[in-house]
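Each remark here refers to the structure printed beneath this line.
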Amino acid sequence: MADTDPAGPVMDRDEVDRALARLGAEHEAIETSLLALQDHAGRRLLEGAELTGVTAERWTSTEAAITLLWTYFDAYTDVLRTAREVRARRRWSSREDLVELTELLRGEPVTVAGSAAATANAPTPQGGQAGPGVLSERWSLSALVDRMNELYASSLDMVVAADAVWSALPARIDLLSAELRRTSRLAHSVGVRPGEHPAGDDLERITRTLKKLREQVVSDPLAFWKPAEGSSAPGGGKPDTTVYDREARALEDVRREIDAVLAVRQDAEKRIVRLRDVLSRADRTLAEARTARGEVLAKIAATEVPVVSGPPTALQEQLSTAAEYRRHAQWHRLSPLLESLEQKAEDELLRARESLTAVTAPLAVRAELRGRLDAYRAKVTRHGLAEDPLLVERYEKARRMLWSAPCDLRAAEQAVLRYQQAVAELLGAAPGVPGQGAGPDERRGPGA
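Residue numbers (the numbering used here): 17 to 464.
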């Protein structure tokens, strides 16, 4: 055991047997992995596919790596078989046998022609001996196992990544395309067509995008692979579904638009009838405001009365257009028009009501003044002061102003205020705040 050779100290029989057992187990594991890689569905698909882009480049390298793996494995198998044959010569191996076994198990007994790796176009190992112009490679069994593990991991990573993309994306694209076809047929039935409605243009664009996406995924799956950050395990990552997700959302938006069009088709007549009713009420309210304005101008003097506009002819024309769209089943055009008209009609009715309120405000003020004057007259009567000369004079003056036409509201309000003040003085109370409309009982002073 003291003698040495280039392979190191000569191994004894127990060391040889343990090394052969370990190498045999490694050989079996490597063979199982290589056979599994050979039968991998992703590898078979890659072999038969017309690849492009980054996938074509990586598959060329991976194919070479797999070929080189088998070359290395065959060389590994030959050396292991030779070592087993040497060990099997004798039950108790001679020194010559042990020296030979030590060289086989610890030396660099594996020789692979350098042209094999170069022709295979496989990635070179870190620190490996092979390179351009090298005629052969020499490996120890342990170094060769490490090299095979390295090639196997990179090959499996590429195969698993491509298979994962092919397993995930094409099927999802096909399902989305089927949904796209159903949506397109429904859209066509309600008049949503390219060039006539934005949703129709979107459907056409989504169709083109999905077709192109599927072609790219099939020919270049690795272009749609996102490796996991910090992961060194083969196949660590996930398919990149960014484009698919974007088009799925776009199709969902189109479906909602078509649902809105369908809803319009179902209740279009009811909505048009409601619109006619709202616009009719707005017209009647404006007519009432115009009549009231004439009455106010005749009965109230020295007051600014706002002008009342005419009926909204533009809305009536748009309503007629909506009815035409309905008759010709142009639902995609009717949908946005009805939504706009409904809001405008409500705004028009509100404007008409506000106009009527503004026009009739002077009559409301006169009515409030009349009511206030009568309330104070009733209070005076309850206190037995109805015949007071000052109160009678001021009451009659205010009454003539409020019940004559045209009525000067400003002068009438002052007359009513003077009557209130006279009443308050007689009853020993401060005058009320003019214009608040409170009854005389609320302004009653001490002793009232």
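Backbone N, C-alpha and C define an ideal beta-carbon position, used for all residues, glycine too. Computed from a prediction, not measured in an experiment: that's the story for all the values here.
query                                                                                               : result
Alpha-carbon to alpha-carbon, Phe240 and Pro186                                                     : 11 Å
Rounded distance between the beta-carbons of Leu121 and Pro104, thought under 8 Å                   : One point to set straight first is that residue 104 is Ala, not Pro, in the sequence displayed. So it is not a contact: roughly 15 Å between Cβ atoms.
C-beta contact flag for Leu425 and Val381 at 8 Å                                                    : yes
For Ala203 and Ile274, believed in contact at Cβ under 8 Å, the rounded distance                    : 5 Å
Distance between beta carbons of Pro327 and Leu353, contact taken as under 8 Å                      : Their Cβ separation, rounded to whole angstroms, is 19 Å, which puts Leu353 and Pro327 out of contact at 8 Å.
Best match in Ala314, Gln334, Gln332, Arg309 for proximity to Pro322 [C-alpha to C-alpha]           : Arg309
Bridge partner(s) assigned by DSSP for Ser371                                                       : According to DSSP, which records beta bridges pairwise, Ser371 is partnered with nothing at all.
Entirely enclosed beta strand (DSSP E) segments - the region 185-246, minimum 3 residues            : 241-243
Continuous beta strand (DSSP E) stretch holding Thr127: start and end                               : 126-129
Proximal residues to Thr135 (C-beta, below 7 Å), its chain only, five neighbours per side dropped   : With a pLDDT of 47 at Thr135, under the threshold of 50, the modelled position of this residue cannot be trusted, and the question is left open.
Contact check, Ala81 vs Ser170, beta carbons under 8 Å                                              : yes
Segment contact flag, the region 200-220 with the region 84-98, C-beta cutoff 8 Å, min 3 pairs      : no
Limits of the alpha helix (DSSP H) - the one that Glu273 falls within                               : 258-315
C-alpha distance - Leu442 paired with Pro405, whole-angstrom precision                              : 12 Å
Spatial distance of Arg230 from Pro243 (CA atoms)                                                   : 21 Å
Per DSSP, the bridge partner or partners of Trp155                                                  : Val126
Span separating the alpha-carbon of Arg209 from that of Arg349                                      : 11 Å
Same chain, Cβ closer than 8 Å to Ala314, five either side skipped, listed in chain order           : Ala421, Pro422
Per-residue DSSP class, three states only, for Ala255                                               : Note that residue 255 is Pro in the sequence shown here, rather than Ala. It is a strand residue.
Simplified DSSP assignment, three categories, for Asp90                                             : helix
Identified DSSP bridge partners for Pro424                                                          : Note on identity: in this sequence residue 424 is Asp, with Pro being the wrong assignment. Its beta-bridge partners are Ala317.
Three-state secondary structure (DSSP) of Ser325                                                    : coil
Helix, strand or coil at Arg107 according to DSSP, with G and I counted as helix                    : coil
C-beta contact flag for Leu114 and Gly40 at 8 Å                                                     : no
Three-state secondary structure (DSSP) of Trp419                                                    : coil
Selection from Gln436, Leu385, Ala391, Asp179 that minimises the alpha carbon distance to Glu409    : Gln436
Sufficient close CB pairs (3 or more, under 8 Å) joining the region 332-340 to the region 384-397   : no
Between the CA atoms of Glu355 and Leu341 - distance to the nearest angstrom                        : It is Tyr, not Leu, that sits at residue 341 in the sequence shown. Each residue's alpha carbon lies about 14 Å from the other.
Whether Met174 touches Leu85 by CB criterion (8 Å)                                                  : no
Beta-carbon spacing of Glu263, Thr225 below 8 Å                                                     : yes
Spatially closest choice to Ala65 from Trp182, Asp30, Thr373, Pro378, by CA coordinates             : Trp182
Rounded Cβ spacing between Ala402 and Met417 (contact assumed at less than 8 Å)                     : With 8 Å as the limit, Ala402 and Met417 do not qualify as a contact, their Cβ atoms being about 20 Å apart.
Residue environment, Gln142, which counts as buried when at least 16 other CB atoms sit within 10 Å : Bear in mind that a pLDDT of 47 at Gln142, under 50, signals an unreliable position, so the model cannot answer this.
Residue range of the alpha helix (DSSP H) that includes Ala57                                       : 57-64
Contact under 8 Å by Cβ, Val206 with Leu278                                                         : yes
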